[in-house]
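Visitor:
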Amino acid sequence: MTSARIALVTGANQGLGRGLVEGLAARLGPDDLVLLTGRNAERVAGAVAHVAADPATRSRVAGRVLDVTDADAVARLAAELHDQYGGVDFVVSNASAMLTPDRSQSAQADDFIDVANGGALAVLRSFAPVLRAGGRLLVVASSLGTLGHLDPRLQPLFDGASLDEVEKAVESWRTALHTGTAEELGWPRWINVPSKVAQVAAVRAVAAERRDTDLPADRLIACVCPGLIDTALSRPWFTDFSGAQTPAQAATAVLDLLLTERVDPATYGELVRFGRVLDWHDGTPPQLPDGLLVN
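Numbering-wise, the sequence shown is residues 1055 to 1349 according to this note's numbering.
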C-alpha cells in the first residue's frame, strides 16, 4: 500500500488525454504517479517522453499499453493497481476513435462504439470499485450527451437505466445500424449523439448505485464536457476554430473538477461543462453536420 496518489488517463497519446496527463503531472506531487495509457506502444512511449521533458512536470509519469476495448485487460490493470497501491485516486476515461464525415457512419460504427462506449463501460466496471476515498472518476463526453438529443421513443432506453440496460441499448442500436433500420427506429444519423448519451447514462447508472457510499467518502463519479478542442478528432467536423481551445486549455476545467478539494454533491453522477451541471433531460435533436454519409 502507498500514500502516493495514483492517476490514470486513457486515450492519452495526444490531444486532450495528453493535456490531462501534462496537467496532472504538473499539479500532483513528486511522490505521485500518473499513468499515460493508449493502445499503441510506440505512441505511448513518445507521449511519455514528451511529458517527462516538460520542466513543469513534478510527478512520476509512466506509460502503459491499454486497449480499452479489451475489458479483461482493463480489469487486469485495475486489479494490479489495487494490489500494488491499494487502489487509484484519479481516473479519466478519455479514449475515443476517429470519426469522419467522408465515410459512412455505419462503416465506422463498430470501432467508434467499441472504444467510446465499450471503453467507458469497462473503465466504470473495473475502476469504480478500486477508487480510493477522495478519488475521482470522470468520463469525457459531450454536451450532446443529454437525453433530449434523442428521439422521445428512445429516451426510455437510457433514462433510469442500469449499466447492463445501457449496454443492451447500445448493442440494440449497433444492430440497427448494421441492418439499416436505425433511422426508422428514431436513432440519430450522427453516431456521436447516441454514443455520448449512452456514456452519460452509464455514468448515471453507476452513480445511482454508489452515491450513498461514495459521497461520505468524498468520491466523485461524473461525466465532463470539455468544449470544442482543436484536435485531429474535431478537425473533420468544423470549419471555424476561432473559438476552439487547445488541448492544454481544455484540460484546465477538467483538471479543476478532477482535483477539487471536496466533492460538490450536485455534480455527482452528472454531466458537467465548465463547472456547470447540464440538465440530463435537456437538448433537442441536433442538426446534421454537412456532408454526413449514413450508409
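Ideal Cβ placement from N, Cα and C applies to all residues, glycine included.
Just to confirm before moving on: does the CB-CB distance between R1072 and V1105 stay below 8 angstroms?
Guide: yes
Visitor: Any Cβ of chain D within less than 8 angstroms of the Cβ of S1296?
Guide: Of the protein chains in the structure, only one exists, and it is not chain D.
Visitor: Determine the extent of the alpha helix (DSSP H) in which V1247 is found, giving its start and end residues.
Guide: 1246 to 1268
Visitor: Have a look at P1109, S1147, I1245, P1248 and flag the residue whose alpha-carbon is nearest the alpha-carbon of A1066.
Guide: S1147
Visitor: From the DSSP secondary-structure annotation, give me the bridge partner or partners of I1275.
Guide: L1191
Visitor: If I'm right that P1301 touches T1321 with Cβ under 8 angstroms, what's the distance once you round it to whole angstroms?
Guide: Wrong, their Cβ atoms sit about 23 angstroms apart, outside the cutoff.
Visitor: Hey, which unbroken runs of the beta strand (DSSP E) at 3 residues or more fall wholly within the stretch 1152 to 1207?
Guide: 1185 to 1194
Visitor: Is Q1299 helix, strand or coil by DSSP?
Guide: strand
Visitor: Since L1325 is in the beta strand (DSSP E), which residue starts that stretch and which ends it?
Guide: 1325 to 1327
Visitor: Decide if E1324 is buried, meaning its Cβ has at least 16 other Cβ atoms within 10 Å, or exposed.
Guide: buried
Visitor: What does a CB cutoff of less than 7 angstroms around A1259 pick up in its chain, not counting 5 residues either side in sequence?
Guide: A1215, S1216, L1217, V1220
Visitor: What residue range does the alpha helix (DSSP H) around L1070 cover?
Guide: Boundaries of the alpha helix (DSSP H) harbouring L1070: 1069 to 1081, taken from the DSSP string.
Visitor: Would you call the stretch 1248 to 1264 in contact with the stretch 1181 to 1201, where contact means no fewer than 3 C-beta pairs closer than 8 angstroms?
Guide: The way I'd put it, the stretch 1248 to 1264 does touch the stretch 1181 to 1201; three or more beta-carbon pairs between them come closer than 8 angstroms.
Visitor: Start and end of the alpha helix (DSSP H) containing T1233?
Guide: 1217 to 1233
Visitor: May I have a chain-ordered list of the alpha helix (DSSP H) segments no shorter than 4 residues that lie completely inside the stretch 1089 to 1150?
Guide: If we require 4 residues or more, the alpha helix (DSSP H) runs fully inside the stretch 1089 to 1150 come out as 1095 to 1106, 1125 to 1139.
Visitor: Between the C-alpha atoms of A1271 and S1160, what's the straight-line distance to the nearest angstrom?
Guide: A straight line joining the alpha-carbon of A1271 with that of S1160 spans about 43 angstroms.
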